[in-house]
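Remarks on the structure that follows.
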Amino acid sequence: MSTQDSQRRSGTSAPQEHDDVALPERAPSDIDADVDAILDEIDEVLEENAEEFVKSFVQKGGQ
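Start counting the sequence shown at -19; every next residue gets the next number (my numbering).
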């Protein structure tokens, strides 16, 4: 390893400071509502395309 390589590597090991960003807090009920909406959407898709969805995961001849 050359001196230049070791200098490059030692420069990357210095700790980097990150600004703390405050994320907006959400009520658990809001998160639950979002999850329920996503699950409802998935359920609707599966009701319409369940057979096609399952066929896309069926292995064919040694795959």
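All residues carry an ideal CB built from backbone N, CA and C; glycine is no exception.
Start and end residues, alpha helix (DSSP H) containing residue i
{"i": "Val25", "result": "Pro8 to Lys35"}
Whole-angstrom distance between residue j and residue i, CA atom to CA atom
{"i": "Leu26", "j": "Phe33", "result": "7 angstroms"}
{"i": "Asp29", "j": "Pro4", "result": "The sequence given here places Asn at residue 29; Asp does not occur at that position. Cα to Cα, the separation comes out at about 37 angstroms."}
{"i": "Ala13", "j": "Ser36", "result": "30 angstroms"}
{"i": "Leu49", "j": "Asp0", "result": "Nothing in the structure corresponds to residue 49, since the chain is present only between -19 and 43."}
{"i": "Asp23", "j": "Pro8", "result": "22 angstroms"}
{"i": "Asp10", "j": "Glu21", "result": "17 angstroms"}
{"i": "Val38", "j": "Val15", "result": "28 angstroms"}
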